[in-house]
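Let me begin by presenting the structure, written as structure tokens, before commenting on it.
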Amino acid sequence: MRASLSIRQGAQRSTFALFLLLAVGVMLIGKADPALYERTRMAIADIATPVIGALSSPVAAGAELIEEGKHLFVAYDENKALREENERLRRWHTAAQSLESENARLRGLLNFTPEPEATFITGRVIGDSGGAFLRSVLVNVGGRDGVRKGTAAVDNNGLVGRVAEVGQRSARILLITDLNSRIPVLVGESRERAILAGDNSDLAKLAYLPPERSFGPGDLVVTSGHGGAFPAGLPVGVVIAAGEDGSGELRVQPFLAPDRLEFVRLMDFGLTGVLQDQDLGLASQ
Amino acid sequence: MSGSSWQNFDVTARNITPSLLLLFLVVLGQLPFSLPGDSAVTPYFVLMAVFYWGLHRPDLLPASVVFLVGLVQDALEGEPFGVNAFVLIAVYWFVASQQRHFGDRSFMVLWLVFALVALVAEALRWLLVSTLTTTMIAPWPVTFEYLMTVALYPVLTVAFVLAQKALPRDSGSFMD
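From first to last, the protein sequence lines stand for chains E and Y. The first sequence begins at 1 in the numbering used here and counts up by one. The second sequence begins at 1001 in the numbering used here and counts up by one.
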């Protein structure tokens, strides 16, 4: 009895050791051949997509119900605030219309080459890894729907991220708050060039700023279109003063709200930019 | 004849329950449960299951399943391949080997042990991801995830206990 137990324990121990070694092997192979690892990953994601997709609808519906229930309690105040906002927006709408027509006329005068027309693919966010390590979401559209790597992903607030990996029927979007996300942006009215860098927190940093800053909290951050990966002018977020300690550090509060991300539009501008299809291993650099 | 094959099916179904549960928890971790106003950080559900079954019924959860589930999680979360497989197998090994010492302790003690094991597991995961991506990953989200995992362990334990009660009691008779 005792002998058989110890034999079994020994066998068990070597099984564990074997799998531990196997895991190390997998990590090393993944490091050596990121492309293989990416293909495998998206293949697994493709298989799981229908399951996660089916399960995520009721979850999203439940979350929405809770959210709506909360709204019920603040409906009166919210209504008042919205009416005021509506008033303000209507004025802006008129302003925007006149500016748009003026813009069109001026562009006509200058013989300006317009930006390429965008095509949209809309996908539903089905998977949110809730990543402590990665800020990314899985959407239910993929290569067969025409999604390409490097495409900009937006929701109705602004830029969400970019397509980092594409499977057959799913794609992974790297959010702008991810550690690996670097996006060329313009800040404020002076249109200062900077790089928006995520650090896995809800706020993003501005990197490569000139020593003299000409913008402050409240200024808008938009994509610059440098590098040719993204179209110019997509709203990204606003500058806020982070740190109450008066260190004067400026951060960017993205318009992206990961907890309310339900649908994203993948905008294909026909820009190939710096992200070619053969440029693999985006997420594992 | 049909009775015995039905019984076989029943036994098989019960024996693979923990494995299916593990797979289900991986998928559960992917669903966009968003606490409104909070950036979504999902607890490490699978770790709880591996800890529980390793402690109570390791005979029903093959190490190969734990390994594969770890790989599936890596794939779905977008973490470097092998990280979760490594962490889960390491935890499973430790827990299964300590089964004799902890098997019949009170729940409070087990919760404390889980808190320690989860701490090591999350630290290991953080270290591996940081090393493999050669970037210093911000420790905040991981810490938050760790706290949520420890806090939710009792809730999932209730589910595991219910599942375990539906399983064949005798560990030796079906597997050997």
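Note that beta-carbon positions come from the ideal geometry of N, C-alpha and C, so glycine has one too.
- Cβ of E/S56 within 8 Å of any chain Y Cβ: Here the question's residue 56 of chain E lines up with position 56 in the first sequence. Closer than 8 Å to some Cβ of chain Y, the Cβ of E/S56 qualifies, so yes.
- Message: Excluding the 5 residues flanking Y/A1225 on each side, which residues of the same chain have their C-beta closer than 8 Å to its C-beta?
- Response: This structure cannot settle anything about residue 1225 of chain Y, because the visible part of chain Y is limited to 1001 through 1176.
- Message: Does any residue of chain Y have a CB that is nearer than 8 Å to the CB of E/L159?
- Response: Here the question's residue 159 of chain E lines up with position 159 in the first sequence. Not one chain Y Cβ lies under 8 Å of E/L159.
- Query: Taking the alpha-carbon positions, what's the Y/P1139 to Y/S1130 distance?
  - Reply: Along the second sequence, one-based indexing puts residue 1139 of chain Y at 139. Along the second sequence, one-based indexing puts residue 1130 of chain Y at 130. Cα-Cα distance, rounded: 10 Å.
- What residues match up with E/A153 in a beta bridge as DSSP calls it? Within the first sequence, numbered from 1, the residue matching residue 153 of chain E stands at position 153. Beta-bridge pairing links E/A153 to E/G161 and E/L266.
- Message: Can you find the residues in the same chain that come closer than 7 Å, C-beta to C-beta, to E/A194, ignoring five residues on each side of it along the sequence?
- Response: Here residue 194 of chain E corresponds to residue number 194 of the first sequence, with the count starting at 1. V185, V187, L206, A207, Y208 and L209.
- Query: Since E/L20 meets chain Y, which of its residues come closer than 8 Å, beta carbon to beta carbon?
  - Reply: Residue 20 of chain E sits at position 20 when you count from the first residue of the first sequence. What E/L20 touches in chain Y: F1086, I1089, A1090 and W1093.
- Query: Just checking, does the region 133 to 146 of chain E make contact with the region 160 to 179 of chain E on the three C-beta pairs under 8 Å criterion?
  - Reply: Cβ pair count under 8 Å is three or more, so yes.
- Task: Please name the residue, chosen from E/V221, E/V24 and E/S181, that lies closest to E/E192 on a Cα-to-Cα basis.
- Result: Numbered from 1 along the first sequence, position 192 holds the residue referred to as residue 192 of chain E. For the residues E/V221, E/V24 and E/S181, the minimum Cα distance to E/E192 belongs to E/V221.
- Query: Apart from the five residues just before and just after E/E84, which ones in its own chain have a Cβ nearer than 8 Å to its Cβ?
  - Reply: Taking the first sequence and counting its residues from 1, the one referred to as residue 84 of chain E is at position 84. Result list for E/E84: empty, nothing under 8 Å.
- Message: Does the contact criterion of 3 or more C-beta pairs under 8 Å hold for the region 1108 to 1123 of chain Y versus the region 1043 to 1056 of chain Y?
- Response: yes
- Message: Let me confirm a value: E/D77 is counted as buried when at least 16 other C-beta atoms fall within 10 Å, else exposed. Which label applies?
- Response: Working through the first sequence from its first residue, we reach residue 77 of chain E at position 77. Exposed is the call here.
- Message: Does E/L159 pass the burial test, meaning 16 or more other C-beta atoms within 10 Å, or should it be called exposed?
- Response: Translated into the one-based positions of the first sequence, residue 159 of chain E becomes position 159. Label assigned to E/L159: buried.
- Task: Using only alpha-carbon positions, find the residue among E/F16, E/A17 and E/Y37 that is nearest to E/V26.
- Result: Walking along the first sequence from the start, residue 26 of chain E turns up at place 26. Per the Cα distances, E/Y37.
- Item | Sufficient close CB pairs (3 or more, under 8 Å) joining the region 54 to 64 of chain E to the region 1112 to 1121 of chain Y | In the pairwise beta carbon analysis, the region 54 to 64 of chain E is classified as not touching the region 1112 to 1121 of chain Y: fewer than three pairs are separated by under 8 Å.
- Query: Could one say the Cβ of Y/W1111 lies closer than 8 Å to chain E's Cβ atoms, at least one of them?
  - Reply: The count along the second sequence starts at 1 and reaches residue 1111 of chain Y at position 111. Chain E contact via Cβ: absent.
- Query: How far does the alpha helix (DSSP H) with E/D46 in it reach, from first residue to last?
  - Reply: Locating residue 46 of chain E in the first sequence gives position 46, where the first residue counts as 1. That run of the alpha helix (DSSP H) goes P34 to F73.
- Looking at the unbroken alpha helix (DSSP H) that takes in Y/L1163, where does it start and where does it end? The residue labelled residue 1163 of chain Y in the question sits at position 163 within the second sequence. The residue asked about is misnamed: residue 1163 of chain Y is Ala in this sequence, not Leu. Counting along the chain, the alpha helix (DSSP H) containing Y/A1163 begins and ends at P1139 to K1165.
- From the DSSP output, in three-state form, read off E/D128 for me. Within the first sequence, the letter at position 128 stands for residue 128 of chain E. Per DSSP, reduced to three states, the secondary structure at E/D128 is strand.
- Helix, strand or coil at Y/P1058 according to DSSP, with G and I counted as helix: As a position in the second sequence, residue 1058 of chain Y is number 58, starting the count at 1. Y/P1058 falls in the helix class under three-state DSSP.
- Task: Could you check how far apart the C-beta atoms of Y/A1063 and E/I44 are, in whole angstroms? I think they sit under 8 Å.
- Result: Within the second sequence, the letter at position 63 stands for residue 1063 of chain Y. Within the first sequence, the letter at position 44 stands for residue 44 of chain E. That pair is no contact at about 20 Å.
- Compare the Cα-Cα distances from E/F230 to each of E/E68, E/T151, E/T15 and E/I47 and report the closest residue. For the purposes of this step, residue 230 of chain E is taken as the residue at position 230 of the first sequence. With distances taken between Cα atoms, E/F230 lies closest to E/T151.
- Item | Contact residues within the region 139 to 151 of chain E, judged by C-beta distance below 8 Å to chain Y | Result list empty, no residue passes.
- Min CB distance E/K205 to chain Y below 8 Å: By 1-based counting over the first sequence, the position of residue 205 of chain E is 205. Not one chain Y Cβ lies under 8 Å of E/K205.
- Interface flag, E/V286 vs chain Y, CB-CB below 8 Å: Nothing about residue 286 of chain E can be reported from this structure: the residues present for chain E run from 1 to 285 only.
- Query: Is there at least one Cβ from chain Y nearer than 8 Å to E/T15's Cβ?
  - Reply: Position 15 of the first sequence, counting from 1, holds the residue named residue 15 of chain E. So, interface residue.
- List the whole-angstrom C-beta distance separating Y/I1089 from Y/V1066, where the pair is believed to meet the contact cut-off of C-beta under 8 Å. Within the second sequence, numbered from 1, the residue matching residue 1089 of chain Y stands at position 89. Within the second sequence, numbered from 1, the residue matching residue 1066 of chain Y stands at position 66. Yes, they are in contact, since the Cβ atoms of Y/I1089 and Y/V1066 sit about 6 Å apart, within 8 Å.
- Task: In the DSSP assignment, find the unbroken beta strand (DSSP E) run with E/V252 in it and report its ends.
- Result: The count along the first sequence starts at 1 and reaches residue 252 of chain E at position 252. Where E/V252 is concerned, the enclosing beta strand (DSSP E) stretches over L250 to P254.
- E/E66 classed as buried or exposed, judged by whether at least 16 other C-beta atoms fall within 10 angstroms: Reading the first sequence from its first residue, position 66 is the one you call residue 66 of chain E. Note that residue 66 of chain E corresponds to Ile in the displayed sequence, not to Glu. So E/I66 ends up on the exposed side.
- Item | chain E contact residues for Y/I1137, given Cβ-Cβ distances below 7 Å | On the second sequence, position 137 is the one that residue 1137 of chain Y refers to. By Cβ distance, chain E contributes F133, L179 and N200.
- Message: Give me, in chain order, the residues of the same chain whose beta-carbon lies closer than 7 Å to that of E/Q253; leave out the 5 immediate sequence neighbours on both sides.
- Response: In the first sequence, residue 253 of chain E corresponds to position 253, counting from 1. Cβ within range, chain order: L203, G237, V238 and I240.
- Query: Using CA coordinates, which residue listed in Y/E1145, Y/F1094 and Y/A1159 is at the minimum distance from E/A17?
  - Reply: By 1-based counting over the first sequence, the position of residue 17 of chain E is 17. E/A17 has its Cα closest to that of Y/F1094, out of Y/E1145, Y/F1094 and Y/A1159.
- Item | Endpoints, the alpha helix (DSSP H) within which Y/L1022 is located | The residue given as residue 1022 of chain Y occupies position 22 in the second sequence. It spans T1017 to Q1030 - the alpha helix (DSSP H) in which Y/L1022 sits, taken as one unbroken run.
- Item | Under 8 Å (Cβ pairs) to chain E, residues found in the region 1138 to 1157 of chain Y | A1138, W1140, P1141, V1142, F1144 and E1145
- Message: Could you check whether the Cβ of Y/G1037 sits closer than 8 Å to any Cβ belonging to chain E?
- Response: For the purposes of this step, residue 1037 of chain Y is taken as the residue at position 37 of the second sequence. With a pLDDT of only 46 at Y/G1037, under 50, the local geometry of the prediction cannot be trusted, and the value read off the model is given with reservation. Closer than 8 Å: yes.
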